[in-house]
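To start, the structure under review is shown below, and the notes come after it.
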Amino acid sequence: MDTKALILFFISLFNLGLATLIIFRNWKERVNIFYSLTLTAISFWSFGLGMFILSSFENGRFWAIFYYISASFIVTCFLYFARAFVSKNIVKTSFLKHLLFHCPSIAIIIILLTNFHFIKEYTLEPWGKNIKLGYFYFFYVTHVVVYIGYSIMILFKHFSFVSGIKKTQLKFIFLGTSIASFATIPNLFLPLFTYKFVWFGPYPTLIMIIAVAYAITKHHLMDIKTITSEILTGLLLSILFINIFVYNGNLIWFRLAIFLASSVVGYFLIKSVFKEVRQREHIEKLLKMRSEFLDIASHQLKTPVSVIMGTASMFKEGSIQKLPKEQQDKFIDNIYRKSVKLSGIIRDILSASEFDTEKFSLPESRLEPVDLDKFLEKIKEDFSDDAKEKGLGLNFIKKKSVIPPIISDEFYLTQAIVNIIDNAIKYTKIGKVDIFLDEDEKNVFVKIKDTGVGIPEKDKPKIFGKFERASNAVDMYTDGSGLGLFISKEIIGAHNGANISFNSKEGEGTEFVITFQKSNGKDGK
Amino acid sequence: MAKILLIEDDDDQILLYNTVFKINDFDIISAISGKIGLERARNEHPDLILLDLNMEEMSGEEVIKKLKENPETKNIPVIVLTNMDKKKFQEQVLELGAEYFWEKTEVMPLDVVKKVAEFLEKNKIK
């Protein structure tokens with residue numbers, strides 16, 4: 125077999141392998157999609173050139189057309205990739221613009237298929253197949269140079285805007301692509317004089333592949349972390365695959381079988397590596413969450429403890445006893461209130477770890493009908509001091525009709541609703557907090573609506589998460605545990621057919637809606 | 018009489034430190050937020066500032082930065098008195114220009130007074 129062609133097939137396989145790897149890692153990410161498409165097009169181009177060398181004279185022309193079209197798609201896909209890489213948020217490209225981007229490729233397909241001044245002469249020389257190119261080849265050259273140049277320019281301009289890991293990633297893509305492109309340029313013009321070296325075209329793409337693969341290995345480009353095992357598997361499979369065709373002989377079935385068996389083994393190998401990586405990432409995330417939680421928890425616990433300790437120490441050394449009776453009482457009251465707060469924090473932390481271990485369920489033996497009207501009235505009373513202190517209105521607004529009781533456990537239900545009202549008051553600077561009790565035929569609704577800071581759009585998906593706090597909440601009130609809403613959701617979720625949701629607009633306020641299914645006299649669980 | 022400014026967002030702590038400093042013949046004023054604290058530092062020229070780190074709206078770190086930026090306040094010594102983790106924050110606030118980092122659960126109120134008195138004595142402030 126021709127060595128030049130063999131290497132071209134290798135390059136083709138490498139590109140295809142890398143393309144598969146990138147697309148499979150995250151097929152929803154546009155950067156991955158377009159880079160993968162670029163590599164696939166390179167793979168086709170390489171394959172086409174290899175086949176051009178190997179094929180019979182009659183088929184050569186077909187393969188030439190094939191690799192010119194592929195090459196045109198390479199640059200188009202790369203342009204899309206560059207655009208996607210620099211703008212992470214999806215910019216809607218109009219249909220017209222898409223059409224414009226694809227225009228040169230479409231033109232080239234038409235030119236090639238109609239044989240219009242592109243491949244002028246096709247002959248067989250002693251050194252191989254020869255093509256004399258016509259004027260429309262210049263159109264192709266312009267297309268390639270402009271597209272690659274423009275893409276590299278976009279990436280280069282973006283270079284100064286990025287920092288950290290993305291800069292390192294970009295550096296590799298940029299360097300790899302630039303070197304590969306510059307090395308390819310002579311090959312765009314050389315065929316005008318002699319077609320002898322046309323096969324060299326895809327070789328420089330190896331530089332790009334190596335650069336990108338290195339970026340992936342070292343810097344997790346495109347979020348790929350297991351490339352070493354994949355490259356080894358890919359390499360082995362490529363060798364085995366080519367091995368099937370290289371030698372003629374009776375053993376082709378045997379070689380095919382070996383290839384297939386290795387593919388299966390390789391697949392499972394890569395899959396198991398993936399699994400391990402995912403597990404490790406999960407553990408790392410848990411560890412990080414735990415250490416963040418310990419930081420928050422230790423600060424939260426220390427705040428009341430420091431007041432209790434400080435006050436007690438002053439009693440101990442006798443300075444408080446010198447103060448008038450009312451002032452002494454104030455200190456005792458402080459100790460008491462901070463102890464209550466402390467026990468609340470401890471309860472929250474313990475509840476959170478309780479909810480953590482398994483799916484939480486309400487204690488069966490303690491379930492009882494809860495009259496939400498009375499229940500919410502009492503909670504409102506408990507919070508009235510807090511609201512008054514902040515100058516906020518706190519209202520309980522209920523429908524006139526008698527709302528049927530729900531089956532619940534008062535201890536947990538209190539915790540669930542108190543957490544939400546507590547947040548509403550905490551994160552509202554001016555205005556009011558309204559608690560609504562309402563019903564329809566099937567459900568009872570408890571709504572807690574505030575005129576507070578609201579939840580930023582980006583924090584909405586994780587707001588019920590454990591240890592999660594909205595970014596504006598962290599700015600305002602520094603010692604929240606990030607457990608409140610997590611606990612509320614777990615408790616509400618343990619009620620049969622109940623759920624909790626929210627509407628919120630940053631800067632305007634938040635409304636939490638808890639929906640309980642009417643129990644119809646049956647047990648709520 | 019040396020004048021101390023306490024910047025602290027917890028009422029109970031303010032009461033505690035107010036009392037212990039007053040008993041020990043200090044003039045102590047307090048501020049419930051970083052913003053008010055900066056204002057009082059500018060207008061009332063305290064001899065020393067006791068500063069909490071973890072506060073709403075403006076953190077203690079920001080308060081130190083602002084104090085040190087302003088020529089009127091940059092020479093007022095700042096001592097950080099907080100519940101934040103020493104290992105994580107001490108270096109940072111000392112770099113910003115704080116004199117000491119004291120943890121509220123480590124240094125009891127009366128010891129805070131004693132140490133403040135020592136510091137003022139050593140630096141010949143009033």
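Just so you know, the sequences run in chain order A and B. Per the working numbering, residue 125 is the first one in the first sequence, and the count goes up by one each step. Per the working numbering, residue 18 is the first one in the second sequence, and the count goes up by one each step. Where a beta carbon is used, it is the ideal one built from N, C-alpha and C, also for glycine.
Selected residue, minimal CA-CA separation from residue i, among the options
i      : options                        : result
I420/A : I470/A, K399/A, M438/A         : I470/A
F168/A : F296/A, Q452/A, S196/A         : S196/A
F262/A : Y192/A, V155/A, I331/A, T329/A : Y192/A
L359/A : V199/A, K573/A, N139/A, D497/A : N139/A
F580/A : F298/A, Y274/A, F202/A, E632/A : A small correction: the amino acid at residue 580/A is Pro; Phe does not occupy that position in the sequence shown. For the residues F298/A, Y274/A, F202/A, E632/A, the minimum Cα distance to P580/A belongs to E632/A.
I545/A : G300/A, G576/A, K584/A, L237/A : G576/A
S211/A : K586/A, L607/A, S275/A         : S275/A
I255/A : H619/A, H406/A, F176/A, S508/A : F176/A
D564/A : G608/A, S415/A, L537/A, K523/A : K523/A
I189/A : L145/A, F285/A, I235/A, R154/A : I235/A
T90/B  : G114/B, F106/B, D69/B          : G114/B
I166/A : T144/A, S179/A, F181/A, R185/A : T144/A
V431/A : Q451/A, R461/A, E416/A, Q452/A : R461/A
K514/A : K498/A, I541/A, K550/A, L500/A : K550/A
G258/A : Y246/A, H282/A, I368/A, L279/A : Y246/A
H241/A : F260/A, L248/A, G517/A         : F260/A
P250/A : I272/A, K571/A, K320/A         : K320/A
S305/A : F507/A, V286/A, V270/A         : V270/A
Y338/A : F317/A, L294/A, P315/A         : L294/A
A231/A : L248/A, V265/A, A208/A, A206/A : V265/A
A511/A : K454/A, D574/A, S194/A, S532/A : D574/A
Status (buried if at least 16 other CB within 10 Å, exposed otherwise) for residue i
i      : result
H267/A : buried
N140/B : exposed
P448/A : exposed
F535/A : exposed
C201/A : buried
L537/A : buried
R149/A : buried
Q539/A : buried
N239/A : exposed
L375/A : exposed
E138/B : exposed
S628/A : buried
W151/A : exposed
P585/A : exposed
K649/A : Confidence at K649/A is low in this model, with a pLDDT of 38, below 50, so its placement is unreliable and no value can be given for it.
Strand pairing of residue i, partner residues [DSSP]
i      : result
D26/B  : Its beta-bridge partners do not exist; DSSP assigns none.
I521/A : F560/A
F636/A : I572/A, F626/A
D44/B  : K20/B
N254/A : T247/A
W323/A : None; W323/A has no bridge partner.
Q641/A : N567/A
V526/A : DSSP output for V526/A lists no bridge partner at all.
F118/B : V97/B
L65/B  : I21/B
P493/A : I531/A
Original post:
Which residues, taken in chain order from the stretch 455–475 of chain A, show a beta carbon closer than 7 Å to some beta carbon of chain B?
Top reply: N458, K462
Original post:
Any residues in the stretch 423–446 of chain A with a beta carbon nearer than 8 Å to a beta carbon of chain B? Which ones, in chain order?
Top reply: H423, K426, T427, V429, S430, V431, M433, G434, T435, S437, M438, E441, S443, I444, K446
Subject >> Segment contact, 8 Å Cβ cut-off, at least three pairs: the stretch 26–36 of chain B with the stretch 635–644 of chain A >> reply: no
Original post:
Are three or more beta carbon pairs between the stretch 73–81 of chain B and the stretch 402–420 of chain A nearer than 8 Å?
Top reply: no
Original post:
If you pair each beta-carbon of the stretch 625–640 of chain A with each one of the stretch 45–60 of chain B, do three or more pairs fall below 8 Å?
Top reply: no
Original post:
Relative to chain A, which residues along the stretch 81–103 of chain B have a C-beta separation below 8 Å, given in chain order?
Top reply: N100, M101, D102
Original post:
What residues in the stretch 407–422 of chain A have a beta carbon less than 8 Å from any beta carbon of chain B?
Top reply: D419, S422
Subject >> Segment contact, 8 Å Cβ cut-off, at least three pairs: the stretch 439–447 of chain A with the stretch 111–123 of chain B >> reply: no
**OP:** Spell out a yes or no on whether the stretch 415–430 of chain A and the stretch 92–102 of chain B are touching, meaning 3 or more CB-CB pairs, one atom from each, closer than 8 Å.
**Re:** yes
Subject >> Any 3 or more C-beta pairs closer than 8 Å across the stretch 290–306 of chain A and the stretch 318–331 of chain A >> reply: yes
Subject >> Interface positions of the stretch 120–132 of chain B facing chain A (Cβ-Cβ less than 7 Å), listed along the chain >> reply: K121, T122, M125, P126, L127
Original post:
Residues in the stretch 57–77 of chain B with C-beta within 8 Å of chain A's C-beta atoms, listed in sequence order?
Top reply: N71, M72, E73, E74, S76
Original post:
Okay, do the stretch 553–564 of chain A and the stretch 515–529 of chain A touch, 3+ Cβ pairs below 8 Å being the bar?
Top reply: Look at the beta carbons and you see the stretch 553–564 of chain A touching the stretch 515–529 of chain A: at least three pairs across the two are nearer than 8 Å.
**OP:** Decide if the stretch 606–618 of chain A is in contact with the stretch 483–491 of chain A; the criterion is three or more beta carbon pairs, one per stretch, under 8 Å apart.
**Re:** Taking a cut-off of 8 Å on C-beta distances, the stretch 606–618 of chain A touches the stretch 483–491 of chain A, as three or more cross pairs fall below it.
Original post:
Counting Cβ pairs closer than 8 Å, one from the stretch 131–138 of chain B and one from the stretch 56–74 of chain B, do we hit at least three?
Top reply: yes
**OP:** Select from the stretch 33–44 of chain B all residues with a C-beta closer than 9 Å to any C-beta belonging to chain A, and list them in chain order.
**Re:** Taking 9 Å as the cut-off between beta carbons, the residues of the stretch 33–44 of chain B near chain A are L33, Y34, T36, V37, I40, N41, in sequence order.
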